[in-house]
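Asks: Questions regarding the structure given below will be posed in turn.
What follows is the structure in structure tokens.
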């Protein structure tokens with residue numbers, strides 16, 4: 010087992026929880042970072058806390074930032090409705106519009122904070138649960154974005170100027186289907202009942218109809234497993 | 010005159026104020042963005058507000074973020090002393106250590122927020138007053154970092170996927186000496202008495218001995234101009 014540290018971005022959803030389980034299985038001591046960014050569903054932060062504890066994180070830091078002031082996303086702007094039962098969800102990504110749940114520059118900002126914390130921790134490994142397969146159409150979930158961020162990170166920081174080690178942005182689930190992700194996490198002992206995926210929960214229950222619920226339910230169905238989360 | 014919008018990062022210091030003056034002189038409608046990031050000298054935000062007004066900014070937004078929690082910089086950590094009268098300040102940058110006033114990943118985080126706002130404003134021009142000549146030894150003030158950030162930005166955002174326009178990160182003063190910067194701003198009508206540079210002000214007065222004051226004073230001396238700011 011390696012004693013290396015890793016910063017793991019953790020939203021409390023299925024993808025990032027699995028990413029944490031994978032980082033841990035690779036021997037990393039995990040420093041989890043979540044964001045309270047004006048999202049409608051602060052409930053996912055409670056999920057992030059549960060997951061971090063269950064996966065033995067060394068520390069879990071919640072950063073409060075204000076992305077809601079920029080508006081323009083159904084995830085942060087109360088005046089925009091979260092779309093439900095979208096027929097185009099299963100279509101190839103190049104025929105999709107960017108969905109209204111896209112938050113401007115969100116992963117860029119999240120990774121920038123992860124980079125700041127990594128620099129302070131003298132840690133060179135950052136894990137992010139982006140996924141390009143069961144793709145929601147977000148530009149900042151693609152491999153070419155991650156590669157470009159990694160190159161930038163290695164020019165941005167003191168470590169890049171003074172040290173021999175380079176930052177590595179790990180995306181262990183980027184090429185997995187949702188079913189493969191769920192099977193991997195289950196194999197690693199992750200309890201998906203602790204996670205939360207819904208964009209538009211009511212009374213703490215998942216709606217079952219937003220993009221995120223639909224992708225999740227499809228994943229569990231394909232994995233031949235029952236989703237332990239309760240739906241409205 | 011172009012009617013293009015630009016997001017301009019504005020600290021309230023000499024470099025960013027001049028950068029704003031240059032952006033305005035190029036015909037951009039300027040949207041200024043400053044950060045309250047746990048820095049000791051919130052006094053520089055007052056300077057940013059004065060400068061934005063005097064330069065006719067369309068909007069000035071102050072984003073509150075918490076970089077102090079990461080510590081490790083004399084600018085955000087009260088337990089670290091701001092160095093004074095450093096003899097190595099004039100030395101070539103490759104012989105310098107990275108100074109303790111470096112804030113981890115600061116410009117990466119600032120530019121990420123500028124990118125988010127640009128995306129919402131449908132704006133593709135971002136100005137930042139980094140300077141590699143009178144160089145303080147910060148890795149995130151170098152041209153290669155800016156170029157890498159620009160490439161990343163063009164893969165990160167909806168505009169990169171759906172639109173024909175590309176983000177451009179403008180660094181108009183990157184190759185100027187401090188004296189050249191001051192002469193340029195003066196030519197453009199900027200009142201440097203509105204700006205604030207000191208890392209360690211006392212009772213609103215600049216200390217005259219930190220890296221930032223020393224570079225500023227050297228610049229005014231070389232420009233044969235009197236610095237209108239008051240020193241302790």
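Residue numbers (the working numbering), protein chains in the order written: chain A, 10 to 241; chain B, 10 to 241.
The beta carbon of each residue, even a glycine, is placed where N, CA and C say it ideally should be.
Using the beta-carbon count (16 or more within 10 Å), is residue 128(A) buried or exposed?
Replies: buried
Asks: Flag this pair as yes or no: are the beta carbons of residue 136(B) and residue 28(B) separated by less than 7 Å?
Replies: yes
Asks: Please check if any C-beta of chain A sits within less than 7 Å of the C-beta of residue 100(B).
Replies: The pLDDT assigned to residue 100(B) is 43, lower than 50, so where the model puts this residue is not dependable; a value taken from the coordinates is nonetheless given after this. No, its Cβ sits nowhere closer than 7 Å to a Cβ of chain A.
Asks: Using a 10 Å radius around the Cβ and a threshold of 16 neighbouring Cβ atoms, would you call residue 104(A) buried or exposed?
Replies: Its pLDDT being 38, under 50, residue 104(A) is placed unreliably in this model, and the coordinates cannot settle the point.
Asks: Residue 195(B) touches chain A at which residues, Cβ-Cβ below 7 Å?
Replies: Within chain A, no residue has its CB atom less than 7 Å from the CB of residue 195(B), the nearest being about 32 Å off.
Asks: With which residues is residue 69(B) paired in a DSSP beta bridge?
Replies: Residue 69(B) is bridged to 41(B).
Asks: May I ask you to verify whether the stretch 203 to 211 of chain B touches the stretch 157 to 168 of chain B, counting CB pairs closer than 8 Å and requiring at least 3?
Replies: Touching, no, given that fewer than three Cβ pairs across the two stretches are closer than 8 Å.
Asks: Suppose contacts are defined by Cβ-Cβ distances below 7 Å. Is residue 57(B) in contact with residue 43(B) by that definition?
Replies: yes
Asks: Starting from the Cα of residue 24(B), find the closest Cα among 191(B), 151(B) and 158(B) and give me that residue.
Replies: 191(B)
Asks: Cβ closer than 7 Å: which chain A residues qualify as neighbours of residue 160(B)?
Replies: 157
Asks: To the nearest angstrom, report how far apart residue 232(A) and residue 26(A) are at their CA atoms.
Replies: 17 Å
Asks: How would you list, in chain order, the residues of chain A whose beta-carbon sits under 9 Å from the beta-carbon of residue 209(B)?
Replies: What residue 209(B) touches in chain A: nothing, since even the nearest Cβ is about 21 Å away.
Asks: Pick from 224(A), 155(A) and 40(A): whose alpha carbon is nearest that of residue 183(A)?
Replies: It is 155(A) whose Cα lies nearest to the Cα of residue 183(A).
Asks: Cα separation between residue 102(B) and residue 148(B)?
Replies: With a pLDDT of only 41 at residue 102(B), under 50, the local geometry of the prediction cannot be trusted, and the value read off the model is given with reservation. The alpha-carbon atoms of residue 102(B) and residue 148(B) are separated by roughly 10 Å.
Asks: Return the CA-CA distance between residue 99(A) and residue 222(B), expressed in angstroms with no decimal places.
Replies: A caution first: residue 99(A) carries a pLDDT of 47, below 50, which makes its placement in the model unreliable, though a value can still be read off. Those two C-alpha atoms are separated by around 58 Å.
Asks: Can you find a CB in chain A that lies within less than 7 Å of the CB of residue 129(B)?
Replies: Yes, residue 129(B) lies at the interface with chain A (some Cβ there is under 7 Å from its Cβ).
Asks: Our contact map puts residue 241(B) next to residue 216(B) with C-beta atoms below 8 Å; I'd like the distance itself, whole angstroms only.
Replies: 6 Å
Asks: According to DSSP, which residues form a beta bridge with residue 16(B)?
Replies: Answer is 40(B) and 135(B).
Asks: Is the Cβ of residue 61(A) closer than 7 Å to any Cβ of chain B?
Replies: no
Asks: Determine the DSSP secondary structure at residue 162(B), reduced to helix, strand or coil.
Replies: helix
Asks: For residue 68(A), collect the residues of the same chain with a Cβ closer than 6 Å to its Cβ; drop the 5 residues on either side in sequence, then sort them by chain order.
Replies: Here the set comprises 40.
Asks: Taking residue 236(A) and residue 225(A) to be in contact with their CB atoms under 8 Å, please state how far apart those CB atoms are, rounded to whole angstroms.
Replies: 7 Å
Asks: Please determine, among 213(B), 158(B), 176(B) and 46(B), the residue with the shortest C-alpha to C-alpha distance to residue 72(A).
Replies: 46(B)
Asks: For residue 113(B) and chain A, any beta-carbon pair shorter than 7 Å?
Replies: yes
Asks: Beta-carbon within less than 7 Å of residue 142(A)'s beta-carbon, same chain only, minus the 5 sequence neighbours each way: which residues are those?
Replies: 184, 185 and 186
Asks: Could you tell me which chain A residues have their CB closer than 7 Å to the CB of residue 134(B), listed as they occur along the chain?
Replies: Within 7 Å Cβ-Cβ: nothing; residue 134(B) doesn't reach chain A, min ~15 Å.
Asks: Hey, would you say the C-beta of residue 113(A) is under 6 Å away from at least one heavy atom of the ligand ATP?
Replies: Of the ligands one can find in the structure shown there are none, so the ligand ATP has no counterpart to examine.
Asks: Give the single residue among 14(A), 214(A) and 140(A) whose Cα lies nearest to the Cα of residue 238(A).
Replies: The closest CA to that of residue 238(A), considering only 14(A), 214(A) and 140(A), is found on 214(A).
Asks: Could you check whether the Cβ of residue 153(B) sits closer than 7 Å to any Cβ belonging to chain D?
Replies: You won't find chain D in this structure, because its protein chains are A and B.
Asks: Residue 54(A) lies in the alpha helix (DSSP H); which residues open and close that run?
Replies: 52 to 63
Asks: If you follow the beta strand (DSSP E) that residue 178(A) is in, where does it begin and where does it stop?
Replies: 177 to 179
Asks: Which residues does DSSP list as the beta-bridge partners of residue 211(A)?
Replies: Residue 211(A) pairs with 214(A).
Asks: Using three-state DSSP, classify residue 240(A) as helix, strand or coil.
Replies: strand
Asks: Classify residue 168(B) as helix, strand or coil using the three-state DSSP reduction.
Replies: helix
Asks: Helix, strand or coil: how does DSSP classify residue 206(A) here?
Replies: coil
Asks: Put residue 189(B) into one of helix, strand or coil per three-state DSSP.
Replies: Here residue 189(B) sits in helix by DSSP.
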